[in-house]
Amino acid sequence: MWCKTLSIRVCLAVGFLSALSAQNFRSYRTVAEITSHRSGEPLSLVGGDFDEDGVRDLVVLYGSGRQGTAVLMPAPAPISYLPLGKAGAKPASQRSASSPGRQFTLDLPDRPEFAAPLDWNGDRHSDVLFGSAGSRQVWIALGDGQGALASPQPVDLPGSLVSMAVEESDARERVVLTVERPNGPARLLFQGFEQWREEAGDAPALPSPAVGDSRSAVLSELPGRASRAVIAAGSVRLESNTGACGTDPVPSSVCMIVNDPSDKPDGDLRDGLCRVRDNPGGPLTFNCTLRAALEQAAFNNAQDLITHIIFSRQVVAVDVIDLGLPAITAPVFIDGSTAPGGFVALDGRLAFRAGAGFVVNSPNVHIRGFQITRFPVGVESRAGQPVALTALTVDLDPDNPNASSKTGTTCVRGTGLLIGTPAEADRVVLMNCGRGLVLNGNGGSVRNTVIGFFPDGTTPASTFFDAVEIADSVGARLGTPEPNGGNVIGQCRNEGCSAVTIVTRNLPVAGVRVENNFIGVNRLGTVSFQGNGRGISLFSTGNPESALGVNIGGDQPLSGNVVSGHKREGIFVQSSLNTQIQGNLIGLSPDGNAALGNGLAGLVIRGASRAIVGGPSPVMRNVISGNGAAAPSFGLDFQATASVVQGNYIGLDKSGTRAIPNTGGGVAIMPFNAVSGSILGGDRPELGNIVSGNSGPGVRLGDLVSAPVGFTARNNRIGVSPDGLLSLPNSGEGILATMSPSLVIEQNLVSGNRSHGLDIGGEGGFVRGNLVGLSPAGVPLGNGGDGVRLGRDARGVTITANSIFFNGGDGIRATDRALDNGFFANAIFRNAGLGLSQVRGPFLTATVNEARTSGASTAIRAAASGLLGLPAGTAYFYASEECDPSGFGEGQSFLGSVDFVPSSGAASILFSAPQNLAGRFITANLTAPTGGLLRSGVFSNCQAVAGLPCASDVTAQVRIERSGFRFNRVTGRWTQSVVLTNLGPDLTDGVSLLIGSLNSAATLFQPSGTANCFGPPTPFRQAASRLASGEQVLITLEFINPSNAAIAYVPRVVAGAGER
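Take the sequence shown: its position 580, counting from 1, is numbered 645 in my numbering, and each next residue is one higher.
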């Protein structure tokens, strides 16, 4: 039957349309299947709203052996997400902060053969009860209302569990357990607040009637959109009802079938039937119009009824006149997809005073299957609660595609809108509007929606103003990180507009997420229309803290957006707090391999605080490349305090192997304290950015006269591939910096750039620990100019502990505009110019007069001059494999330093290096304090080290066999025989046995000498002049040991012509 006792008159009214009902409207079809899980086979199912978003979720309970696992899946797609009845969703401010769609997994201590939903402790959160057959206890997992379950706790039973089910009684559902006791079966009825009521007597194996057993779960019971999950053949199947209205409607619902395309009103609201009169005052007919159905829905709402409106084969279009359709003031599902062709055309050409095609003033409304044209507004929602729109096309100016004739129109606007689902059939298209979509108020979700294109997603049908505006909104979601969860959003035509604008005007914007969208490109990933605006704009018209926690992209594999092809900036953020921009392709094609540049900068951040751009994992990486097509612009133009820029590729393709330049440079950090506390890169290598392949400098810190304050650039790779092994040069400097005392540039790899590695101006700050001109493995990747260039009034800059190799100019060059900078303790070698170069005096001069090695140390004698008027100085010493052709420098490795006090501007200096440096060249440079700053000089002359190198330690290739000790009564000495066998190549130029760590009670009798190259002074005995491979030599050692203590030592074999 169509009805039981609910609304007989409605059944009669549609009875004559029985020919339309030949199909089984309550048949189900499988729309998705969960085939396997690591925790075993599915045993039971539970449905309930565990995250309290107004949508039923699914819990699948798996079993393996005597244990199990529960997996909670929020609103499993593609099941309809609409809530039942009139119950609204939890406000966005009360929802879980976790990302929607994430699964929650819980280990179970028992095999979950039965399961049921309930509220165990009366806290109004959904909980899960489960157990196994034959057990004398069940388990309860309490829900927290945010999509998670607590560890299960046991509940004892008065017998062995036989079954568990949900009964319907007095319009209420309750959990019933059947248990077996020695005196017979019993039923336990859950009463609430952890209480059971026992009913003794016979009990069937499964209670009846059952709303659902443990192997199925109802997810939605909307008419014509019912959905459920069932266990069948070892898998979980998600099923949906394919019919409309249904042969047995759910309780408290009314089905109406529109069979009249006119705009006539209902003839008599009091009869509860959708029936119109052909003429005013005429008799009621059996015809039902859309207007009449909506009027009856409003009447039904007073009786707590839900109306489902479908369309007969006679209706393919509805012509609305005058004031348009009445506002929707009751829960209703209007399903135009039941009409021929799958949609109903709703045209407003005759509705001269209509405000919108549909005006929604009620929650729990679903509008589906309409093509809405020629209204000022396609759909307007004022409900503030979930209003679903699926399978819609809104084209407000079909006669003039891409024209500006209806700039005041809006395709869809309002609060609480749930637009589209990932299902292909649910796609929404918004086209040829002044504005495409305006979201405000709390909540709202937009998925699988095409805005600014024809339904093919490629042919432009652009908006004049913003394609999407999210204003004064909390928790809105533009796209979700799932297949088909994103949107295709075209460009807008008005000068200065944005494809997507997120703005706070009167109320805060908070928790908005923009994910998985194509913004500016069509669904094929190409630009078929270039407008006049930006890709995404985020700004606050007042307090920056009123734009809170906006996420553009995210940390999931499908979170990132493609933001490309716009005339102006790709993303522009101004005056915001806690903005996160992650995983986006900005200026590139969707595959990340080709340039689709934005006309100006890729990403601009102004006046923000605590922003996060990128992150430590590859999925959080932004790739910002190919931008500045209209004018030279940086990939990232940054001005934000207490913020981080980490793990991004800037100037490269998605793989990081090919340059796709930003035309003005890679990264620009704005000056002054607007970036205080921010960092480019991070404390670990994986937090660094790859800034390579750009036209212009890789990184610009400040402008040419003003410096950033309180900013750090650390662990970035600039001018090279992500692994640091290949050159992918920026055409300008690696880093172009105007320094401030609190600006730090450290631990970066700056190599392979066309111009200087670092070009430094300004006053103060630190450049330390950087690799400049080489790879991490020491492979030459020189910058085209100087390694570090000091100019533009550089003063008080400290440059230390850097490795500066293989550059095309000088290692460090201080130009005539640089004064009183400290450059010391750097490793500088094999640059095409000088190691250190200084144009402007006064000059501090170091001279190395002598360097001589003896054993494991090298003594260096030097002199300092040019320190007149300076109270103190420090000499820094270096060793190199070769001397610079100029005779001054270089400084391949830093040896150490010594402080001195000059007399009349000069000093004699002695320094001892704790290593044998025979064959090396020694240089030095000086640094002295002056007026609170440091003044450094260039490299001294290079002085060859005199003396012999140390012999080689060959202990590893020689087998050493020692006898025991014997006392010689004639000599009074202890003797030992030692056999050395050469297991390796021939040893020449002398073989010696070192007696290391000999205990203090004994001494070696008649040693050949004392070795100083291998730790503390050690006696040794010459063993042979040479020892061929495989050859042995016998040595007899004698020890003087007056106390007859045990003799112990560590033998070591050395060979070669060098010192011992």
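C-beta atoms are modelled at their ideal positions from N, C-alpha and C, and glycine is treated no differently. Quick caveat, the model's predicted, so the values are computed rather than measured.
Identify whether residue 1051 lies in helix, strand or coil by the three-state DSSP scheme.
-> Counting from 1 along the sequence shown, the entry for residue 1051 is found at position 986. Three-state DSSP puts residue 1051 in coil, outside helix and strand.
Unbroken stretches of the alpha helix (DSSP H), 4 residues or longer, contained in the segment 680 to 719 = Fully enclosed alpha helix (DSSP H) runs of 4 or longer: not present.
Residue 520 vs residue 458 beta-carbon contact at 8 Å | In the sequence shown, the residue the question calls residue 520 occupies position 455. In the sequence shown, the residue the question calls residue 458 occupies position 393. Yes, Cβ-Cβ distance for residue 520 and residue 458 is below 8 Å.
Name the residue from 1029, 935, 782, 824 whose alpha carbon lies nearest to the alpha carbon of residue 840.
-> Stepping through the sequence shown from its first residue, residue 840 is reached at position 775. Minimum Cα distance to residue 840 is reached at 782.
Relative to the C-alpha of residue 1056, which residue among 816, 1037, 1016 is closest?
-> Within the sequence shown, residue 1056 is the residue found at index 991, counting from 1. The residue with the shortest Cα to Cα distance from residue 1056 is 1016.
Limits of the unbroken beta strand (DSSP E) element including residue 431 = In the sequence shown, residue 431 corresponds to position 366, counting from 1. Its beta strand (DSSP E) spans residues 430 to 438.
Identified DSSP bridge partners for residue 341 = Position 276 of the sequence shown holds residue 341. Bridge partners of residue 341: none, in fact.
Reference residue 634, options 679, 663, 646, closest by Cα = Counting from one through the sequence shown, the residue named residue 634 turns up at place 569. Comparing alpha carbon positions, the residue from 679, 663, 646 closest to residue 634 is 663.
Helix, strand or coil at residue 335 [DSSP, three-state] | If you number the sequence shown from 1, residue 335 lands on position 270. For residue 335, the secondary structure class from DSSP, reduced to helix, strand or coil, is helix.
Residue burial classification, residue 1106 (beta-carbon count within 10 angstroms, cutoff 16) = Residue numbering aside, residue 1106 sits at position 1041 when the sequence shown is read from its first letter. In summary, residue 1106 is buried, with 16 or more beta-carbon neighbours lying within 10 Å of its beta-carbon over all protein chains present.
Does the separation of the CB atoms of residue 942 and residue 976 fall below 8 Å?
-> For the purposes of this step, residue 942 is taken as residue 877 along the sequence shown, with counting starting at 1. For the purposes of this step, residue 976 is taken as residue 911 along the sequence shown, with counting starting at 1. Going by C-beta atoms, residue 942 is nearer than 8 Å to residue 976.
Pick out the complete beta strand (DSSP E) segments inside the segment 1017 to 1073, 3 residues or longer, and give them in chain order.
-> Every unbroken stretch of the beta strand (DSSP E) spanning 3 or more residues and falling wholly within the segment 1017 to 1073 is given here in chain order: 1023 to 1027, 1031 to 1033, 1038 to 1047, 1056 to 1061.
Quick one: give me the first and last residue of the beta strand (DSSP E) that residue 168 is part of.
-> Numbered from 1 along the sequence shown, position 103 holds the residue referred to as residue 168. First-last for residue 168: undefined, no H or E at that position.
Note down the Cα distance separating residue 477 from residue 499, rounded to an integer number of angstroms.
-> For the purposes of this step, residue 477 is taken as the residue at position 412 of the sequence shown. For the purposes of this step, residue 499 is taken as the residue at position 434 of the sequence shown. Residue 477 and residue 499 have their C-alpha atoms spaced approximately 11 Å apart.
Do you know how far the Cα of residue 1109 is from the Cα of residue 1075?
-> Within the sequence shown, residue 1075 is the residue found at index 1010, counting from 1. Within the sequence shown, residue 1109 is the residue found at index 1044, counting from 1. About 24 Å.
Residue 937 beta carbon less than 8 Å from that of residue 1193 | Residue 1193 is absent from the model: the chain starts at 66 and stops at 1125.
Nonlocal neighbours in the same chain, by C-beta distance under 8 Å from residue 81, ignoring five residues either side = Against the sequence shown, residue 81 aligns to sequence position 16. Its pLDDT being 20, under 50, residue 81 is placed unreliably in this model, and the value from its coordinates should be taken loosely. Once the five neighbours on either side are set aside, the close Cβ partners of residue 81 are 351.
Can you grab the Cα-Cα spacing for the pair residue 627 / residue 669, in whole Å?
-> Against the sequence shown, residue 627 aligns to sequence position 562. Against the sequence shown, residue 669 aligns to sequence position 604. Taking the straight line joining both Cα atoms gives about 16 Å.
Same chain, Cβ closer than 7 Å to residue 1048, five either side skipped, listed in chain order | Indexing the sequence shown from 1 puts residue 1048 at position 983. Around residue 1048: 1022, 1023, 1024.
Distance between residue 246 and residue 264 (C-alpha atoms, nearest Å) | Translated into the one-based positions of the sequence shown, residue 264 becomes position 199. Translated into the one-based positions of the sequence shown, residue 246 becomes position 181. If I take the Cα positions, the gap works out to 12 Å.
Could you confirm whether any beta carbon from chain D is found closer than 8 Å to the beta carbon of residue 201?
-> Of the protein chains in this structure there is only one, and it is not chain D.
Beta bridge counterpart(s) of residue 417 as assigned by DSSP = Counting from one through the sequence shown, the residue named residue 417 turns up at place 352. Under DSSP, residue 417 shares a beta bridge with no residue.
What number of angstroms, rounded off, separates the C-alpha of residue 1096 from the C-alpha of residue 1010?
-> Translated into positions along the sequence shown, residue 1096 becomes position 1031. Translated into positions along the sequence shown, residue 1010 becomes position 945. Looking at the two C-alpha atoms, the distance is approximately 36 Å.
Compare the C-alpha of residue 197 against each of 138, 109, 113, 256 and name the closest.
-> For the purposes of this step, residue 197 is identified with residue 132 of the sequence shown, where counting begins at 1. When the alpha-carbon of residue 197 is set against those of 138, 109, 113, 256, the nearest one is in 109.
Between the C-alpha atoms of residue 617 and residue 579, what's the straight-line distance to the nearest angstrom?
-> On the sequence shown, residue 617 is found 552 positions in, with the first residue counted as 1. On the sequence shown, residue 579 is found 514 positions in, with the first residue counted as 1. Distance between the alpha carbons of residue 617 and residue 579 is about 5 Å.
Residue nearest to residue 552 in terms of C-alpha spacing, selected from 354, 586, 531 | Taking the first residue of the sequence shown as position 1, residue 552 is located at position 487. With distances taken between Cα atoms, residue 552 lies closest to 586.
Can you give me the Cβ contacts of residue 952 inside the same chain, cut-off strictly under 7 Å, excluding the 5 residues immediately before and after it?
-> Within the sequence shown, the letter at position 887 stands for residue 952. So the qualifying residues of the chain are 1006, 1007.
Give the straight-line distance between the Cα atoms of residue 989 and residue 599, rounded to the nearest whole angstrom.
-> Residue numbering aside, residue 989 sits at position 924 when the sequence shown is read from its first letter. Residue numbering aside, residue 599 sits at position 534 when the sequence shown is read from its first letter. In a straight line, the C-alpha of residue 989 is about 55 Å away from that of residue 599.
Boundaries (first-last residue) of the beta strand (DSSP E) holding residue 476 = To locate residue 476, count along the sequence shown from 1; it is residue 411. Taken as a continuous stretch (DSSP letters only), the beta strand (DSSP E) holding residue 476 covers 475 to 479.
Given a threshold of 16 other Cβ atoms within 10 Å of its Cβ, counted over all protein chains shown, does residue 248 qualify as buried or as exposed?
-> Here the question's residue 248 lines up with position 183 in the sequence shown. Counting Cβ neighbours within 10 Å, residue 248 comes out exposed, since fewer than 16 surround it.
Continuous beta strand (DSSP E) stretch holding residue 642: start and end | Mapped onto the sequence shown, residue 642 falls at position 577. From DSSP, residue 642 is part of no beta strand (DSSP E); its letter is neither H nor E.
Reduced DSSP category for residue 260 - H, G, I as helix; E, B as strand; rest coil = Position 195 of the sequence shown, counting from 1, holds the residue named residue 260. It is a strand residue.
Go ahead and pull the three-state DSSP assignment for residue 490.
-> As a working mapping, residue 490 is identified with position 425 in the sequence shown. Correct three-state label for residue 490: helix.
Does the segment 412 to 419 come close enough to the segment 439 to 446 that 3 or more CB-CB pairs lie under 8 Å?
-> A contact between stretches requires three or more CB pairs, one per stretch, nearer than 8 Å, and the segment 439 to 446 meets this requirement with the segment 412 to 419.
Considering residue 865, what are the terminal residues of the beta strand (DSSP E) in which it resides?
-> Walking along the sequence shown from the start, residue 865 turns up at place 800. Element bounds for residue 865: 863 to 865.
Say whether the segment 671 to 685 touches the segment 654 to 663, bearing in mind that this needs 3 or more beta-carbon pairs closer than 8 Å, one atom from each stretch.
-> Verdict: no, contact absent.
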